[in-house]
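Chains Y and Z supply the protein sequences, listed in that same order.
Each residue of the first sequence is one higher than the one before, starting from 10 at the first, in my numbering.
Each residue of the second sequence is one higher than the one before, starting from 72 at the first, in my numbering.
Input: a single structure, listed below in structure tokens.
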Amino acid sequence: MSVGPLDESLVRTLVPEVIGVLVRRGADFASAEDAVQEALVAALGAWTVERPRDPKGWLVTVAWRRHLDRVRSEVARRVREEREDAEPPTGPVSARDDTLRLYFLCAHPALTPASATALTLRAVGGLTTRQVAAAYLVPEATMAQRISRAKRTVSTVTLDTPGDLSTVLRVLYLVFTEGYGGEVDLAAEAIRLARQLASLTDEPEVRGLLALFLLTHARRPARLGAGGTLVPLAEQDRSLWTTGLVAEGVEILQSALARDRLGEYQCQAAVAALHADAPSVEETDWVQVVEWYDELVAITDSPVHRLNRAVAVGEADGARAGLAALDGLDPGLPRYDAVHAHLLERSGDLTAAAALYRRAADAATSVPERNHLLKQAARLR
Amino acid sequence: MAKYLLLKHYRGPKTSVNDVPMDQWTPEEVDAHIGYMDDFADRLRGSGEFVDGQALAPDGMWVRFDGEGRPPVVDGPFAETKDLIAGWMVVDVDTRERVVELAGELSAAPGAGGRPLGEWLEVRPFLDDRPNADG
Numbered sequence: 010m011s012v013g014p015l016d017e018s019l020v021r022t023l024v025p026e027v028i029g030v031l032v033r034r035g036a037d038f039a040s041a042e043d044a045v046q047e048a049l050v051a052a053l054g055a056w057t058v059e060r061p062r063d064p065k066g067w068l069v070t071v072a073w074r075r076h077l078d079r080v081r082s083e084v085a086r087r088v089r090e091e092r093e094d095a096e097p098p099t100g101p102v103s104a105r106d107d108t109l110r111l112y113f114l115c116a117h118p119a120l121t122p123a124s125a126t127a128l129t130l131r132a133v134g135g136l137t138t139r140q141v142a143a144a145y146l147v148p149e150a151t152m153a154q155r156i157s158r159a160k161r162t163v164s165t166v167t168l169d170t171p172g173d174l175s176t177v178l179r180v181l182y183l184v185f186t187e188g189y190g191g192e193v194d195l196a197a198e199a200i201r202l203a204r205q206l207a208s209l210t211d212e213p214e215v216r217g218l219l220a221l222f223l224l225t226h227a228r229r230p231a232r233l234g235a236g237g238t239l240v241p242l243a244e245q246d247r248s249l250w251t252t253g254l255v256a257e258g259v260e261i262l263q264s265a266l267a268r269d270r271l272g273e274y275q276c277q278a279a280v281a282a283l284h285a286d287a288p289s290v291e292e293t294d295w296v297q298v299v300e301w302y303d304e305l306v307a308i309t310d311s312p313v314h315r316l317n318r319a320v321a322v323g324e325a326d327g328a329r330a331g332l333a334a335l336d337g338l339d340p341g342l343p344r345y346d347a348v349h350a351h352l353l354e355r356s357g358d359l360t361a362a363a364a365l366y367r368r369a370a371d372a373a374t375s376v377p378e379r380n381h382l383l384k385q386a387a388r389l390r
Numbered sequence: 072m073a074k075y076l077l078l079k080h081y082r083g084p085k086t087s088v089n090d091v092p093m094d095q096w097t098p099e100e101v102d103a104h105i106g107y108m109d110d111f112a113d114r115l116r117g118s119g120e121f122v123d124g125q126a127l128a129p130d131g132m133w134v135r136f137d138g139e140g141r142p143p144v145v146d147g148p149f150a151e152t153k154d155l156i157a158g159w160m161v162v163d164v165d166t167r168e169r170v171v172e173l174a175g176e177l178s179a180a181p182g183a184g185g186r187p188l189g190e191w192l193e194v195r196p197f198l199d200d201r202p203n204a205d206g
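As structure tokens, this is what we get:
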């Protein structure tokens with residue numbers, strides 16, 4: 010963000026809070042967002058001389074004034090007065106609630122996943138449209154349209170509707186898994202937002218998601234080999250894992266599990282924690298990993314989670330048991346062929362495994378994944 | 072979101088419904104066709120799904136390496152029978168259904184007599200060059 014004299018991390022923390030205040034005061038979401046952007050531009054000039062003691066209060070004041078300036082036409086005034094009549098009394102509504110509401114708004118079910126992720130990164134994350142566009146490899150004009158359509162969609166949403174936390178978590182998960190390597194590190198951004206969300210609500214699943222992010226992110230230095238080749242979990246140099254992130258992830262997960270309200274992200278984080286705890290793939294507590302997958306499948310009944318469970322069963326009880334765990338799953342599932350190939354290879358059927366690795370490569374959705382699967386096939390030939 | 076390449080062919084391996092070559096259209100029919108394509112791209116810009124688009128000249132050649140210290144071999148211009156790519160458009164859409172819908176619309180661009188071309192468009196998903204973050 011080209012904010013010059015403004016401290017980027019400060020600004021990006023304040024933006025969602027200030028938008029939240031304006032929305033609570035009755036501004037529609039799109040206007041609030043525009044007004045805050047204008048206030049930031051004003052801050053660029055004013056704060057060069059001296060930063061105010063209360064930067065947030067300053068931004069709220071200026072943004073609210075800009076907003077009122079804009080709606081001061083005859084028609085708009087009438088609308089505003091009606092809104093003010095309907096406005097809840099300005100009581101002790103905390104900044105916490107304002108920001109939380111903004112998360113809900115940006116992840117509203119009326120939005121497509123692509124719109125919700127873009128809007129969240131822009132309005133809650135405080136990224137510029139150009140940065141969001143770069144992260145998703147589309148032209149800035151295209152992303153600007155996507156964001157402005159999303160803003161229009163949620164502008165009609167009434168704020169009293171209670172938000173659904175699971176949609177917010179899904180949006181953050183999509184941001185995290187989008188990939189990395191571009192100008193904006195989306196995984197790091199997802200972690201930042203999950204941390205902020207965890208400070209706003211003590212729902213165990215939020216902490217479960219944050220723990221999952223941290224434990225997965227910890228493996229990142231080991232995940233890519235020379236020239237960007239993919240290194241699978243079993244072959245990673247575990248000494249490269251970031252121990253600080255592991256420790257933090259485990260601690261957060263434990264605090265979430267202590268609440269005794271299990272959810273899908275806590276289960277996945279528990280699996281990641283068991284990997285993090287193991288010095289090698291052989292020394293992994295696969296029996297416990299399978300147990301966590303059992304919990305996960307019981308909660309989500311997701312075929313993708315069943316597929317991952319089959320891998321763990323293969324490690325815990327042998328390849329034959331793993332192959333049996335594939336029974337009933339649709340072979341058209343993403344990565345089914347790769348998992349099937351892996352289990353066949355371990356059971357000793359190298360010819361069938363090679364053919365399936367080859368087919369999995371054809372169905373891969375990324376270049377590193379395809380190259381990895383091609384090499385798996387080549388290794389067995 | 073997923074990115075797809077929509078490939079338009081001058082002479083494709085599959086015949087269009089309205090199979091009259093462009094050089095036999097009236098100027099008005101050519102204008103109507105180009106106008107339709109521009110409108111289509113504009114609508115995609117508006118919906119936040121447009122990534123890139125480019126038309127290609129029919130002229131071209133084959134080139135290949137011919138050994139160290141030797142100039143590359145050039146073969147061309149293209150033979151009359153070659154399948155020729157006329158241009159492409161890249162879109163970023165939520166679903167496979169959406170890209171099928173868009174390709175169907177693009178294929179309906181008017182041709183001779185103002186009737187839809189019904190040309191076959193090649194639709195190819197992108198491979199992401201970034202690994203997923205969940206390995």
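Backbone N, C-alpha and C fix where the C-beta goes; we use that ideal spot for every residue, glycine too.
By the rule that beta-carbons nearer than 8 Å mark a contact, Z:M108 does not touch chain Y. The beta-carbon of Z:G117 is placed less than 8 Å from the nearest beta-carbon of chain Y. For Y:V280, the enclosing alpha helix (DSSP H) begins and ends at 273 to 286. With a 10 Å radius around the Cβ and a threshold of 16 neighbouring Cβ atoms, Z:F136 comes out exposed. For Y:Y182, the enclosing alpha helix (DSSP H) begins and ends at 174 to 186. Note: Z:F121 is bridge-paired with Z:V162 in the DSSP secondary-structure output. Secondary structure at Z:L76: strand, using DSSP grouped into helix, strand and coil. Of all alpha-carbon atoms in Y:E42, Y:R155, Y:Y302, the one lying nearest the alpha-carbon of Y:V30 is that of Y:E42. The beta carbon of Z:A103 lies closer than 7 Å to those of P181, G185 in the same chain, with the five residues before and after it left out. By the CB criterion at 8 Å, Y:V298 and Y:A334 fall outside the cutoff. Residue range 376 to 389 is occupied by the alpha helix (DSSP H) that includes Y:R388.
Linking Y:L178 to Y:L209 through their CA atoms gives a straight-line distance of about 13 Å. In the DSSP assignment, Z:E193 falls within the beta strand (DSSP E) that extends over 193 to 196. Fewer than three pairs of CB atoms, one per stretch, sit closer than 8 Å, so the region 354 to 371 of chain Y makes no contact with the region 138 to 152 of chain Z. Non-local beta-carbon contacts of Y:L266 in its own chain, meaning distances under 7 Å to residues more than five positions away in sequence, involve Q275 in chain order. If you draw a 10 Å sphere on the C-beta of Y:R75, you find 16 or more other C-beta atoms in it, and that means buried. Shown here, Z:D199 sits in a strand according to DSSP, grouped into three states.
Excluding five sequence positions before and after Y:H284, the CB atoms of its chain that fall closer than 7 Å to its own CB belong to L242, T293, given in chain order. Y:R139 has a beta carbon lying at 8 Å or more from every beta carbon in chain Z. For Y:A127, same chain residues with a beta-carbon under 8 Å away, outside a window of 5 residues either side, are V141, Y145, M152, R155, I156, A159 in chain order. Between the beta-carbon of Z:W133 and that of Z:L78 there is about 18 Å, and that puts the pair past the 8 Å contact cut. Counting every other CB atom within 10 Å of its CB across the protein chains shown gives Y:G323 a total of 16 or more, marking it as buried. Z:R135: member of the beta strand (DSSP E) spanning 133 to 135, first to last residue. Distance between Y:V163 and Z:F111, taken at the CA atoms: about 26 Å. For the region 188 to 199 of chain Z, the set of residues with a beta-carbon nearer than 8 Å to any beta-carbon of chain Y comprises P196, L198, D199, in chain order. Contact between Z:S87 and Z:L198 is absent: CB atoms are separated by about 29 Å, not below the 8 Å threshold. Within chain Y, no residue has its beta carbon less than 9 Å from that of Z:R167; the closest one is some 12 Å off.
Here Y:D286 has no same chain residue with a Cβ atom under 7 Å from its own Cβ, once five neighbours each way along the sequence are excluded. Under the Cβ distance rule, Y:V290 does not count among the residues neighbouring chain Z, no pair being separated by less than 8 Å. Using a Cβ distance threshold of 8 Å, Z:K74 and Z:W191 do not count as a contacting pair.
Contact with chain Z is absent for Y:P312, since none of that chain's Cβ atoms lies less than 8 Å from the residue's Cβ. Taking CB atoms only, Y:A373 has a neighbour in chain Z less than 8 Å away. The residue among Y:L195, Y:A330, Y:R247, Y:V376 with its C-alpha nearest the C-alpha of Y:G236 is Y:V376.
The C-beta distance from Y:L342 to Y:Y366 rounds to 16 Å, too long to fall under 8 Å, and the pair is not in contact. By the CB criterion at 8 Å, Y:L262 and Y:G217 fall inside the cutoff. Y:L68 and Y:L23 do touch by the CB rule: their CB atoms are close to 6 Å apart, below 8 Å.
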